[in-house]
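One gets the numbering used here by counting positions in the sequence shown from 1 and adding 98 to each.
Read the structure below first, then the notes.
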Amino acid sequence: MLAIRLTRMGTKKKPFYRVVVAEKRSKRDGKFVEIVGHYNPCSNPTQIVINQERVQHWIGCGAQPTDTVRSLIRKNAAAQPPVVAAVVEVAAVEAAAEAEAAA
């Protein structure tokens, strides 16, 4: 079974963490399948970078995020503004293509 969890990196007293997809039984800092983000609690403000697309892909494949990673995913999703402009541009391009095809 796969888990989305944190692996500790950095030096003594200055940790940062990678968000990884790994086998649930493997060691905390052992082998992993993919790095999907990182988390630096020591920076001010705290830095959270998570690839939401890859996380959703792995959750769809059956990976279970740990409680800590689940809260980081929620914080990261709340911090990112929704991408609405790209959807509007695609709709405008499709409308223009239909107008050209009709003419």
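All residues carry an ideal CB built from backbone N, CA and C; glycine is no exception.
Reducing DSSP to helix, strand and coil, say where residue i ends up.
i	result
V131	coil
Smallest Cα separation from residue i: which of the options?
i	options	result
V117	V131, K111, T109 and K110	V131
I146	A175, A120, E121 and D165	A175
V119	H155, M107, K110 and A190	H155
K112	R123, Y137 and K125	Y137
S141	E196, R126 and Y115	Y115
Name the one or two DSSP bridge partners that residue i has.
i	result
A200	In the DSSP output, where bridge partners are listed per residue, A200 has none listed.
R103	V118
Go to residue i, then tell me how far its beta strand (DSSP E) extends in each direction, as first and last residue.
i	result
K112	K112 to E121
M99	Premise fails: M99 is in no beta strand (DSSP E) and is neither H nor E.
Does residue i get closer than 7 Å to chain B when you measure Cβ to Cβ?
i	result
Q145	Included in the structure is just one protein chain, with no chain B present.
Discussion item. I'd like the ranges of any beta strand (DSSP E) spanning at least 3 consecutive residues and lying wholly in the segment 136–182.
Written reply: 145–148
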